[in-house]
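In the working numbering, the protein residues as written are 1255 to 1504.
A quick write-up on the structure given underneath.
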């Protein structure tokens, strides 16, 4: 199983990556501080005196587009693409601010949240259209599916987990793949590299010369089930990482 387009979109919008906001008239603001609530609606922090606050002055509910590009955790790793959320931007009503701040903090613990209502305003983007662009192919995402999806629980620690695999577990990964692919020979470009990680599995790079050996460069190793977090991942990875030490038992 792979992440659905809705899950990828929710992961990118979550707030771990920088976003760019474009108004209907073409004006753009980069480096927007944002997160998302439990339904995936982007929440934007608007500090008084900064560019976004200036752009919003005199615009009650402007139509905007928030775009967030994936930043792969390793050089050469495949990108998840770009998500674009289009909709009307509303100030969060005063009665809902406390809940909105808590939901923002669950995604991103931004210290500026302490100043919401005192020099910093909080706005909510209500999605009218959500698209995901992956390699030039654009998926239009059903809004109900988008609201129901959950961001990937491993996004925050993906880079660290991949670095740990690269520094400490390459022999185990190579051994597992050799048995899985039915080949005992060494990989053409050196040990295989884990390049992406999500709740459903790993994307492994077998090397750019793998096609000469009749193999696809990219291999996806899927977990037995979706993981719920970093500790759960350790249990599912155990058969791969311990197979060598345990005499090949899985």
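Where a beta carbon is used, it is the ideal one built from N, C-alpha and C, also for glycine.
Quantities reported herein were computed from a predicted structural model and do not represent experimental measurements.
Determine contact between the stretch 1470 to 1483 and the stretch 1354 to 1370, defined as no fewer than three beta-carbon pairs at a distance below 8 Å. Judged by Cβ distances under 8 Å, the stretch 1470 to 1483 makes no contact with the stretch 1354 to 1370, as fewer than three pairs qualify.
Which residues bound the alpha helix (DSSP H) around residue 1369? Run containing residue 1369: none; DSSP gives neither H nor E here.
So what's residue 1503 in DSSP terms, helix, strand or just coil? Confidence at residue 1503 is low in this model, with a pLDDT of 46, below 50, so its placement is unreliable and the value that follows should be read with caution. Coil, per DSSP.
To the nearest angstrom, how far is the alpha carbon of residue 1397 from that of residue 1323? Spanning the two alpha carbons is a distance of roughly 20 Å.
Identify every run of the beta strand (DSSP E) within the stretch 1365 to 1420, keeping only runs that are complete inside it and at least 3 residues long; order them along the chain. Listed in chain order, they are 1374 to 1388, 1391 to 1395.
Local conformation of residue 1492 per DSSP, three classes: Shown here, residue 1492 sits in a helix according to DSSP, grouped into three states.
Taking 8 Å as the cut-off, does the stretch 1370 to 1377 touch the stretch 1400 to 1420 (at least 3 CB pairs, one atom from each stretch)? Contact between the stretch 1400 to 1420 and the stretch 1370 to 1377 is absent, with fewer than three C-beta pairs closer than 8 Å.
Check whether the Cβ of residue 1358 lies closer than 8 Å to any Cβ atom in chain E. Absence of chain E from the displayed structure is noted, only one protein chain being present.
Identify the continuous beta strand (DSSP E) that holds residue 1447 and give its terminal residues. If you look at residue 1447, you'll find it in the beta strand (DSSP E) that goes 1447 to 1452.
Going along the chain, which residues of its own chain have a beta-carbon closer than 6 Å to the beta-carbon of residue 1382, five neighbours each way excluded? The residues are 1340, 1341.
Does residue 1487 come out as helix, strand or coil in the three-state DSSP assignment? In the three-state reduction of the DSSP assignment, residue 1487 falls in the helix class.
Unbroken alpha helix (DSSP H) runs of length 4 or more, entirely within the stretch 1283 to 1365: which are they? Counting whole runs of 4 or more residues, the stretch 1283 to 1365 contains the alpha helix (DSSP H) stretches 1305 to 1310, 1351 to 1361.
Between the C-alpha atoms of residue 1291 and residue 1433, what's the straight-line distance to the nearest angstrom? Spanning the two alpha carbons is a distance of roughly 43 Å.
Continuous alpha helix (DSSP H) stretch holding residue 1475: start and end: Unbroken run through residue 1475 is the beta strand (DSSP E), 1472 to 1476; no alpha helix (DSSP H).
How big is the Cα-Cα spacing for residue 1349 and residue 1296? Annotation: residue 1349 to residue 1296 spans about 18 Å, alpha carbon to alpha carbon.
Measure the alpha-carbon distance for residue 1306 versus residue 1370 and round it to whole angstroms. The alpha-carbon atoms of residue 1306 and residue 1370 are separated by roughly 15 Å.
Span of the alpha helix (DSSP H) around residue 1429: Counting along the chain, the alpha helix (DSSP H) containing residue 1429 begins and ends at 1424 to 1435.
When we look at the beta-carbon of residue 1414 and count the other beta-carbons within 10 Å, is it buried (16 or more) or exposed? The residue in question, residue 1414, is exposed, as its Cβ has fewer than 16 Cβ neighbours within 10 Å.
Compute the Euclidean distance between the alpha carbons of residue 1456 and residue 1285, then round it to the nearest angstrom. Here the C-alpha atom of residue 1456 lies approximately 30 Å from the C-alpha atom of residue 1285.
Does the Cβ-Cβ distance between residue 1471 and residue 1462 come in under 8 Å? For residue 1471 and residue 1462, yes; Cβs fall inside 8 Å.
When the Cα of residue 1331 is compared with those of 1459, 1494, 1490, 1486, which residue comes out closest? The residue among 1459, 1494, 1490, 1486 with its C-alpha nearest the C-alpha of residue 1331 is 1459.
Pairwise C-alpha distance: residue 1275 and residue 1258: If you draw a straight line from the Cα of residue 1258 to the Cα of residue 1275, it is about 24 Å long.
Could you tell me the alpha carbon to alpha carbon distance between residue 1260 and residue 1302, rounded to whole angstroms? Approximately 33 Å, taken between the alpha carbons.
Whole angstroms are fine: how far does the CA of residue 1278 sit from the CA of residue 1317? Distance between the alpha carbons of residue 1317 and residue 1278 is about 6 Å.
Of the residues 1427, 1256, 1388, which one's Cα is nearest the Cα of residue 1448? Per the Cα distances, 1427.
Cα separation between residue 1267 and residue 1394? Taken atom to atom, the span from the alpha-carbon of residue 1267 to that of residue 1394 is near 15 Å.
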